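Numbers given in the working numbering equal positions in the sequence shown, counted from 1, plus 6.
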Amino acid sequence: MSTEKNRREISGLVAEKWANLGTSISHAENKTVFVKGAIPGETVRIRTDKENSKLIWGTVISVENVSPLRIVSDCSAFPECGGCSYRHIPYEEELQIKKSLLWDSFLYVSRLDPSQIPEIEILSGPSNGYRNTAQIKIEFKKGKINAGFYKENSNSLVLFPKEGCKHLPFEMNEYIRKHKENRKSFSKNSDWKLRYSSGEILEYAKKEVKLGPYLPEKIEWSIPADGFTQVNRFLLEEWMLKIRSWVPKDCGPVLEFYSGAGLISLAIGHLVSRLSGYELSNSSVKAAKKNAKNVGYSHLEFHTLDLNSSLPTNLGSFGAEVCILNPPRAGASSSLLDFLDGAKPSRVIYSSCNPSTLARDLGILKNSGYKPKEIVLTDFFPRTKHFEVLVLLDL
Numbered sequence: 007m008s009t010e011k012n013r014r015e016i017s018g019l020v021a022e023k024w025a026n027l028g029t030s031i032s033h034a035e036n037k038t039v040f041v042k043g044a045i046p047g048e049t050v051r052i053r054t055d056k057e058n059s060k061l062i063w064g065t066v067i068s069v070e071n072v073s074p075l076r077i078v079s080d081c082s083a084f085p086e087c088g089g090c091s092y093r094h095i096p097y098e099e100e101l102q103i104k105k106s107l108l109w110d111s112f113l114y115v116s117r118l119d120p121s122q123i124p125e126i127e128i129l130s131g132p133s134n135g136y137r138n139t140a141q142i143k144i145e146f147k148k149g150k151i152n153a154g155f156y157k158e159n160s161n162s163l164v165l166f167p168k169e170g171c172k173h174l175p176f177e178m179n180e181y182i183r184k185h186k187e188n189r190k191s192f193s194k195n196s197d198w199k200l201r202y203s204s205g206e207i208l209e210y211a212k213k214e215v216k217l218g219p220y221l222p223e224k225i226e227w228s229i230p231a232d233g234f235t236q237v238n239r240f241l242l243e244e245w246m247l248k249i250r251s252w253v254p255k256d257c258g259p260v261l262e263f264y265s266g267a268g269l270i271s272l273a274i275g276h277l278v279s280r281l282s283g284y285e286l287s288n289s290s291v292k293a294a295k296k297n298a299k300n301v302g303y304s305h306l307e308f309h310t311l312d313l314n315s316s317l318p319t320n321l322g323s324f325g326a327e328v329c330i331l332n333p334p335r336a337g338a339s340s341s342l343l344d345f346l347d348g349a350k351p352s353r354v355i356y357s358s359c360n361p362s363t364l365a366r367d368l369g370i371l372k373n374s375g376y377k378p379k380e381i382v383l384t385d386f387f388p389r390t391k392h393f394e395v396l397v398l399l400d401l
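Dropping the structure here:
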């Protein structure tokens, strides 16, 4: 594997087509090359970032045969910074690329017949200033504090842009600008974890934060210190409303897996007779119980459970006809997929932050008899290689 010391340049690469992880594919030296910052049809010169015997990852440093799609990036740190992948093309084009890549993953990884793939709906919002959470990398070098983000395929720091990060709200950029040289706030080479909460900027590794109010009911959630929640402040409500629309009224008991602090649970609480949520983080389970109590939802219960281990045998007797999954990037555990295969709830709602593991799991669920009825590409992460996907599956 190459290091920064032996990086080199390669000229005359022709970008062939879009690939996953925000790159284009090219070929050179009998290797496949994943190029950041290129557009299919362009001829480019790259700097290699990472390399092995079969693959090269690189970043564009100059372009010939410039694509008519190319636009000037609005961020001085692009494409060096590893945060963004698509600031050289219009946002509408990015959405179509993500949709096409998602379709291919269902076709070639899930092995779904094209007739089994419903039209992919796109849910998107503003492409700048959308994050409610940021993890800023801190580096102490030569007696100076540096703040920023890592380079693509590297642990080298790209300094925080002087104009601020385009992903972040104005208030968060201002907070970072004012406090990034405060040595007392940082331990050596740490992450600076910030969250935008009710107009305030809080260090969420240390403090509980509030999320909301969202939905017509104006629900608020408490998120524990260092707890996880979806990051796009503009799309959270629409995402929850889409999930809500897939839960039948008076649907009876619901099982929810990877339930976190109860974000989805509370959003659908008025539709269910009973809900049992399972989550590894004990602090998140405590927060979910507290959130449900604050809303008056005594019919929601939450349990700490490692979903990678064997699931409790009594889950099948819960009588749930709807199961909801919101797993981490690794996707659903094999024990959970085995449970769904045996219990056969009539409806599964799957929210994924990783299209690759989603496609893998859909292939397994297909073998259990589940068919996708609706698919929604929810672009929680504009201008980056990431996106969320909602899938409604029925038997």
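Quick reminder that beta carbons are idealized off the backbone N, C-alpha and C, glycines included. Please read all numbers here as calculations on a predicted model, not as lab measurements.
N238 bridges to which residues according to DSSP?
To locate residue 238, count along the sequence shown from 1; it is residue 232. N238 pairs with R137.
Interface flag, K56 vs chain B, CB-CB below 7 Å:
Any reference to chain B falls outside this structure, which holds one protein chain only.
Could you give the C-beta distance for G283 and G268, rounded to a whole number, given that I count them as a contact under 8 Å?
Translated into positions along the sequence shown, residue 283 becomes position 277. Translated into positions along the sequence shown, residue 268 becomes position 262. Between G268 and G283 the Cβ distance is about 7 Å, and since that is below 8 Å, they are a contact.
A21 vs E48 beta-carbon contact at 7 Å
What you label residue 21 is simply residue 15 of the sequence shown in a count that begins at 1. What you label residue 48 is simply residue 42 of the sequence shown in a count that begins at 1. Contact: yes.
Those runs of the beta strand (DSSP E) which lie wholly inside the segment 342-381 and span at least 3 residues:
353-358
Quick one: any contact between the segment 215-225 and the segment 104-118, if contact means 3 or more CB pairs under 8 Å?
no
Following the continuous alpha helix (DSSP H) through F112, name the residue where it begins and the one where it ends.
Along the sequence shown, one-based indexing puts residue 112 at 106. Here the alpha helix (DSSP H) through F112 covers Y97 to Y114.
Roughly how many whole angstroms lie between the Cα atoms of V301 and W227?
The residue you call residue 301 lines up with position 295 of the sequence shown. The residue you call residue 227 lines up with position 221 of the sequence shown. Distance between the alpha carbons of V301 and W227: 9 Å.
If we call anything under 7 Å between Cβ atoms a contact, is P96 one with G135?
For the purposes of this step, residue 96 is taken as residue 90 along the sequence shown, with counting starting at 1. For the purposes of this step, residue 135 is taken as residue 129 along the sequence shown, with counting starting at 1. No, the pair does not count as a contact, with Cβ atoms beyond the cut-off.
Can you round the beta-carbon distance between K157 and D385 to whole angstroms, since I take them to be within the 8 Å contact cut?
Taking the first residue of the sequence shown as 1, we reach residue 157 at position 151. Taking the first residue of the sequence shown as 1, we reach residue 385 at position 379. So it is not a contact: roughly 24 Å between Cβ atoms.
Hey, quick one: how far does the beta strand (DSSP E) through Y303 stretch, first residue to last?
As a working mapping, residue 303 is identified with position 297 in the sequence shown. First-last for Y303: undefined, no H or E at that position.
Note down the Cα distance separating T390 from C90, rounded to an integer number of angstroms.
Here residue 390 corresponds to residue number 384 of the sequence shown, with the count starting at 1. Here residue 90 corresponds to residue number 84 of the sequence shown, with the count starting at 1. Going from the Cα of T390 to the Cα of C90 covers about 4 Å.
Nearest-angstrom Cα separation, counted from Q141 out to L383
Residue 383 sits at position 377 when you count from the first residue of the sequence shown. Residue 141 sits at position 135 when you count from the first residue of the sequence shown. Whole-angstrom Cα-Cα distance: 24 Å.
Sort T310, R53 and L61 by Cα distance to V69 and report the nearest one.
Walking along the sequence shown from the start, residue 69 turns up at place 63. Selected option, being the one with the closest Cα: R53.
According to the Cβ coordinates, are K37 and K60 closer than 7 Å?
What you label residue 37 is simply residue 31 of the sequence shown in a count that begins at 1. What you label residue 60 is simply residue 54 of the sequence shown in a count that begins at 1. Contact: yes.
On the DSSP bridge assignment, give the partners of F155 in chain order.
Position 149 of the sequence shown, counting from 1, holds the residue named residue 155. Answer is V164, bridged to F155.
Under 8 Å: do the segment 304-320 and the segment 271-286 share three or more Cβ pairs, one atom per stretch?
yes
Throw me the rounded Cβ distance for the R201 and N297 pair, which I believe falls under 8 Å.
If you number the sequence shown from 1, residue 201 lands on position 195. If you number the sequence shown from 1, residue 297 lands on position 291. The Cβ separation is near 16 Å, so there is no contact.
Please name the residue, chosen from G149, Y210 and N159, that lies closest to E187 on a Cα-to-Cα basis.
Reading the sequence shown from its first residue, position 181 is the one you call residue 187. Of the candidates G149, Y210 and N159, the one whose C-alpha sits nearest the C-alpha of E187 is G149.
Counting only the same chain and skipping the five closest in sequence on each side, list residues whose C-beta sits under 8 Å from that of K292.
Counting from 1 along the sequence shown, the entry for residue 292 is found at position 286. Excluding residues within five positions, the ones whose Cβ falls inside 8 Å are P230.
Pairs of beta-carbons, one from the segment 312-332 and one from the segment 345-362, closer than 8 Å: are there three or more?
yes
Measure how close the beta-carbons of K143 and F155 come, nearest whole angstrom, since I'm counting them as under 8 Å.
One-based indexing of the sequence shown puts residue 143 at position 137. One-based indexing of the sequence shown puts residue 155 at position 149. Indeed they touch by this definition, with Cβ atoms about 6 Å apart.
Which partner residues does A34 have in the DSSP bridge list?
The residue you call residue 34 lines up with position 28 of the sequence shown. Its beta-bridge partners are K37.
Taking I225 and E177 to be in contact with their CB atoms under 8 Å, please state how far apart those CB atoms are, rounded to whole angstroms.
The count along the sequence shown starts at 1 and reaches residue 225 at position 219. The count along the sequence shown starts at 1 and reaches residue 177 at position 171. Rounded, the Cβ-Cβ distance is 23 Å, inconsistent with contact.
From the DSSP output, in three-state form, read off T390 for me.
Locating residue 390 in the sequence shown gives position 384, where the first residue counts as 1. T390 falls in the coil class under three-state DSSP.
I need the straight-line Cα distance from G43 to H33, nearest angstrom please.
Here residue 43 corresponds to residue number 37 of the sequence shown, with the count starting at 1. Here residue 33 corresponds to residue number 27 of the sequence shown, with the count starting at 1. When rounded, the distance between both Cα atoms is 16 Å.
Between which two residues does the alpha helix (DSSP H) harbouring L272 extend?
As a position in the sequence shown, residue 272 is number 266, starting the count at 1. Its alpha helix (DSSP H) spans residues L269 to A273.
Which term fits D80, buried or exposed, when burial requires 16 or more other beta carbons within 10 angstroms of its beta carbon?
Walking along the sequence shown from the start, residue 80 turns up at place 74. So D80 ends up on the exposed side.
Going along the chain, which unbroken runs of the alpha helix (DSSP H) with 4 or more residues stay wholly within the segment 196-243?
none
Per DSSP, which one or two residues make a beta bridge with C329?
As a working note, residue 329 is residue 323 in the sequence shown. Looking at the DSSP assignment, C329 forms a beta bridge with L261 and V354.
Pair within 7 Å by beta-carbon distance, L342 and F263
Translated into the one-based positions of the sequence shown, residue 342 becomes position 336. Translated into the one-based positions of the sequence shown, residue 263 becomes position 257. Yes, the Cβ-Cβ distance between L342 and F263 is below 7 Å.
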